[in-house]
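2 protein chains.
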Amino acid sequence: MPIGLALARSAKTVSRAFDDALAAAGGSLPSWLILISLKTRAHANQRELAAAIGIQGATLTHHLNAMESAGLLVRRRDPANRRVHQVTMTDEGERLFHRLRRAATDFDRQLRAGLDDGDLDALTRMLGTLAGNVATEAADPTDTFPNPAAAH
Amino acid sequence: MPIGLALARSAKTVSRAFDDALAAAGGSLPSWLILISLKTRAHANQRELAAAIGIQGATLTHHLNAMESAGLLVRRRDPANRRVHQVTMTDEGERLFHRLRRAATDFDRQLRAGLDDGDLDALTRMLGTLAGNVATEAADPTDTFPNPAAAH
DNA sequence: TATTGTTATACTCTATAACTATA
DNA sequence: TATAGTTATAGAGTATAACAATA
Numbered sequence: 253m254p255i256g257l258a259l260a261r262s263a264k265t266v267s268r269a270f271d272d273a274l275a276a277a278g279g280s281l282p283s284w285l286i287l288i289s290l291k292t293r294a295h296a297n298q299r300e301l302a303a304a305i306g307i308q309g310a311t312l313t314h315h316l317n318a319m320e321s322a323g324l325l326v327r328r329r330d331p332a333n334r335r336v337h338q339v340t341m342t343d344e345g346e347r348l349f350h351r352l353r354r355a356a357t358d359f360d361r362q363l364r365a366g367l368d369d370g371d372l373d374a375l376t377r378m379l380g381t382l383a384g385n386v387a388t389e390a391a392d393p394t395d396t397f398p399n400p401a402a403a404h
Numbered sequence: 253m254p255i256g257l258a259l260a261r262s263a264k265t266v267s268r269a270f271d272d273a274l275a276a277a278g279g280s281l282p283s284w285l286i287l288i289s290l291k292t293r294a295h296a297n298q299r300e301l302a303a304a305i306g307i308q309g310a311t312l313t314h315h316l317n318a319m320e321s322a323g324l325l326v327r328r329r330d331p332a333n334r335r336v337h338q339v340t341m342t343d344e345g346e347r348l349f350h351r352l353r354r355a356a357t358d359f360d361r362q363l364r365a366g367l368d369d370g371d372l373d374a375l376t377r378m379l380g381t382l383a384g385n386v387a388t389e390a391a392d393p394t395d396t397f398p399n400p401a402a403a404h
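First to last, the protein sequences are chains A and B. So the first sequence is numbered by the numbering used here: it starts at 253 and just counts up by one. So the second sequence is numbered by the numbering used here: it starts at 253 and just counts up by one.
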């Protein structure tokens, strides 16, 4: 079977299950990715944040609007450069982050069943190869994940 | 890094590139999956077709409407059971199928670069394991891909 | 009544273009 | 002029619920 089709099918099944797990915990994939980025990295501005997640700035604004309405974060202008909006998680956002982290960790435990560390290393490496083989502008390769417990 | 996150990132990059490749050839992922299914399998009805692709019946109707409007296929009632709509590819649909097959084949060649047959076998197996680990209702496991040349 | 498919409607995620505010 | 972000709008893909046609 073509490897792209295998990847597409697996990713579809897994991503739907993961979406369900996040939804049950009160989140969604975009909100989870945004919370991870806010929690683990210092982004100079929203464009960097959007790039780290792999979406456009306007798309990020869309999600931030919803999350701010939900009380998960606040945006303030940076006094040093009032064009820049500083995004900060609220206590409510922190609580959601922890609930989602729990859901993601549980999910990953379920996902790994039947695969040993060597398998997982090989899988991660090969997935990186696939993405690299078709990457156009190459998402930041230094964007490794700093906190293994903090995401699925 | 959590394996689910590695999969999500890789799948996002790869699926966007694949969507672009299909779009350049005049198609989309859903239309490609539908054409593959029409070409390689005999489905008793649209519900089976939808299930094979992993979407709901109403979603399939949505795509079939667009594809029929585009002249890629026709729907006729089955005389033996007039509730069933027989879906048949037109010559135009056949031509698109062949263009998309070419695009998908080229894409897969690019995608496999740097991975040998052993890698690909291991990767396919592990992707299956991941999907199986989180599958809820388990998509038809007998739905193997009958024509390796016919898809990405 | 049960089955097959369609229609109506809506939601999520994403994007581009035009715009405002700031530098 | 250039940069950061927002607003307006749109499109693709998906879903559920209600419906029509057929058995």
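Beta carbons: idealized from backbone N, C-alpha and C, even for Gly. Every value quoted in this text rests on a predicted model; they were computed, and no experiment measured them.
>> Please identify the residue among B:T388, B:F270, B:G279 and B:N297 whose C-alpha is closest to the C-alpha of R210 of chain B.
In response: Because chain B spans 253 through 404 in this model, residue 210 of chain B falls outside it and cannot be assessed.
> So, helix, strand or coil for M378 of chain A, using DSSP?
Replying inline: For the purposes of this step, residue 378 of chain A is taken as the residue at position 126 of the first sequence. M378 of chain A: helix per DSSP, three-state reduction.
> Leaving out the 5 sequence neighbours to the left and right, which residues in its chain are closer than 8 Å to V266 of chain B when beta-carbon positions are compared?
Replying inline: Indexing the second sequence from 1 puts residue 266 of chain B at position 14. L363, listed in sequence order.
>> Contact defined as beta carbons within less than 8 Å: I believe V326 of chain B pairs with T340 of chain B. What is the distance between those atoms, to the nearest angstrom?
In response: Taking the second sequence and counting its residues from 1, the one referred to as residue 326 of chain B is at position 74. Taking the second sequence and counting its residues from 1, the one referred to as residue 340 of chain B is at position 88. Yes, V326 of chain B and T340 of chain B are in contact; Cβ-Cβ is about 5 Å, under 8 Å.
>> Taking 8 Å as the threshold (C-beta atoms), are L348 of chain A and L287 of chain A in contact?
In response: Walking along the first sequence from the start, residue 287 of chain A turns up at place 35. Walking along the first sequence from the start, residue 348 of chain A turns up at place 96. Contact: yes.
> By DSSP, does D330 of chain B sit in helix, in strand, or in coil?
Replying inline: Residue numbering aside, residue 330 of chain B sits at position 78 when the second sequence is read from its first letter. Here D330 of chain B sits in strand by DSSP.
>> On the criterion of 16 or more Cβ atoms from any shown chain inside 10 Å, does G331 of chain A qualify as buried, or is it exposed?
In response: Numbered from 1 along the first sequence, position 79 holds the residue referred to as residue 331 of chain A. It should be pointed out that residue 331 of chain A corresponds to Pro in this sequence rather than to Gly. By the 10 Å Cβ count, P331 of chain A comes out exposed.
> Taking the alpha carbon of L257 of chain A as the point to measure from, which residue in B:D368, B:L301 and B:F359 has its own alpha carbon closest?
Replying inline: On the first sequence, residue 257 of chain A is found 5 positions in, with the first residue counted as 1. Comparing Cα positions, the closest option is B:F359.
> For R353 of chain B, is the classification buried or exposed, using 16 other Cβ atoms within 10 angstroms of its Cβ as the cut-off for buried?
Replying inline: For this step, residue 353 of chain B is matched to residue 101 along the second sequence. Per the 10 Å Cβ criterion, buried.
> Which residues share a DSSP beta bridge with T340 of chain A?
Replying inline: Position 88 of the first sequence holds residue 340 of chain A. The partner list for T340 of chain A (beta bridge, DSSP) reads A:V326.
> Which of helix, strand or coil does DSSP assign to R335 of chain A?
Replying inline: Locating residue 335 of chain A in the first sequence gives position 83, where the first residue counts as 1. Reduced to three states, the DSSP call for R335 of chain A is strand.
>> Just to confirm my understanding: we take S289 of chain A, look at its own chain, exclude 5 residues before and 5 after, and list those with CB closer than 7 Å. What are they?
In response: Here residue 289 of chain A corresponds to residue number 37 of the first sequence, with the count starting at 1. Excluding residues within five positions, the ones whose Cβ falls inside 7 Å are H295, L301, A304 and I305.
> By DSSP, does P282 of chain B sit in helix, in strand, or in coil?
Replying inline: Position 30 of the second sequence, counted from the first residue, corresponds to residue 282 of chain B. Three-state DSSP puts P282 of chain B in a helix.
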